[in-house]
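Numbering (my numbering), first residue to last: 132 to 408.
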Ligand SMILES: [Zn+2]
């Protein structure tokens with residue numbers, strides 16, 4: 132029994148590795164991932180596809196394909212903002228793990244405790260949060276009026292960390308609800324006792340929204356924000372600005388960069404869902 136369990140685990144992880152590598156290779160060819168990003172995505176794919184099977188693969192691919200497609204669709208409109216964001220639209224290993232790392236840990240727990248519902252809930256809610264946040268970032272630029280800082284409600288330049296807008300918030304709601312809907316109906320353990328699938332959609336959507344809001348809140352408060360003395364501009368870029376000038380810390384905690392903010396966004400989403408459930 133133990134031997135056949137191990138060999139089927141090995142087979143699943145091998146299949147997951149092949150599928151993950153294929154997706155990562157295509158994304159690298161399409162310039163959605165850097166070289167390090169492709170390696171990280173292949174590993175995340177191996178774990179999620181291997182341990183989560185088709186439901187896990189479907190959720191992860193929905194997040195990955197929709198966010199890559201959105202940054203491609205609105206890339207031109209965003210390019211003038213690009214220097215304000217820390218990184219380009221080619222995602223590196225740090226970004227891949229920041230968005231998919233928490234989900235991967237929950238998927239490992241799901242592999243260890245396949246009869247429990249909570250690891251799947253944590254997996255789905257963390258993906259709902261990062262999907263909400265990514266959709267908000269990509270579609271928020273469509274807002275007609277400048278966004279407002281989530282803490283002071285002051286009007287700020289588009290692309291400012293911690294800024295929110297109506298378009299961005301609606302995008303976050305749609306991004307979170309899409310993952311929630313798929314997760315509630317693909318849940319492999321037969322659902323959560325005493326929670327209807329529709330209620331589960333509501334819980335996961337709300338959890339994703341809280342995670343995305345937490346992301347904005349950190350962006351406006353504790354996230355490391357730098358200043359380029361040559362351009363006299365605020366930026367997330369460090370150590371060098373797009374112009375090549377070294378940037379200096381303006382506010383926030385030096386270690387709390389955009390990647391760590393995304394990790395905390397995913398954790399907040401999972402935490403909220405697990406507390407409610
Ligand atoms: Zn500069």
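Cβ atoms here follow ideal geometry from the backbone N, Cα and C, with glycine treated the same way. Source: prediction; values computed, not measured.
For the 8 Å Cβ check, are there 3 or more pairs between the region 386 to 401 and the region 346 to 362? yes
Separation of residue 165 from residue 250, as counted between CA atoms: When rounded, the distance between both Cα atoms is 30 Å.
On the three-state DSSP scale, how would you describe residue 148? helix
May I have the straight-line CA-CA distance separating residue 440 from residue 262, to the nearest angstrom? Look at the range of the chain in this structure, 132 to 408, and you will see that residue 440 is not part of it.
Give me the residue from 372, 160, 163 and 150 with the minimum Cα distance to residue 179. 150
Near ligand 1, which residues have their beta-carbon closer than 7 Å to a heavy atom? 359, 361, 362, 364, 372, 373, 374 and 376
Below 8 Å on the Cβ atoms is my contact criterion, and I expect residue 298 with residue 271 to pass it. Report the Cβ-Cβ distance as a whole number of Å. 6 Å
With the cut-off set at 8 Å, would you say residue 407 and residue 334 are in Cβ contact? yes
In whole angstroms, what separates the C-alpha of residue 306 from that of residue 268? 11 Å
Reducing DSSP to helix, strand and coil, say where residue 396 ends up. helix
So that I know if they touch, is there some Cβ in chain B lying closer than 8 Å to that of residue 313? This model lacks chain B altogether; it includes just one protein chain.
If you compare alpha carbons, which of 320, 274 and 311 is closest to residue 455? This structure cannot settle anything about residue 455, because the visible part of the chain is limited to 132 through 408.
Look at residue 409 and residue 190 and say whether their C-beta atoms are less than 8 Å apart. Not covered by the structure: residue 409. The range shown for the chain is 132 to 408.
Count Cβ pairs between the region 233 to 253 and the region 319 to 328 that sit closer than 8 Å; are there 3 or more? yes
Using only the alpha-carbon positions, how far apart do residue 382 and residue 239 sit? 36 Å
Between 310, 223 and 241, which has its C-alpha nearest residue 264's C-alpha? 310
I'd like the span of the alpha helix (DSSP H) that includes residue 252, first residue to last. 249 to 271
What are the boundary residues of the alpha helix (DSSP H) that residue 243 is part of? 224 to 243
Got a sec, what are the start and stop residues for the alpha helix (DSSP H) residue 409 sits in? This structure cannot settle anything about residue 409, because the visible part of the chain is limited to 132 through 408.
Inter-residue Cα distance where the pair is residue 132 and residue 223: A caution first: residue 132 carries a pLDDT of 45, below 50, which makes its placement in the model too unreliable to give a value.
7 Å Cβ shell around residue 394 - same chain, five flanking residues per side excluded: So the qualifying residues of the chain are 229, 232 and 233.
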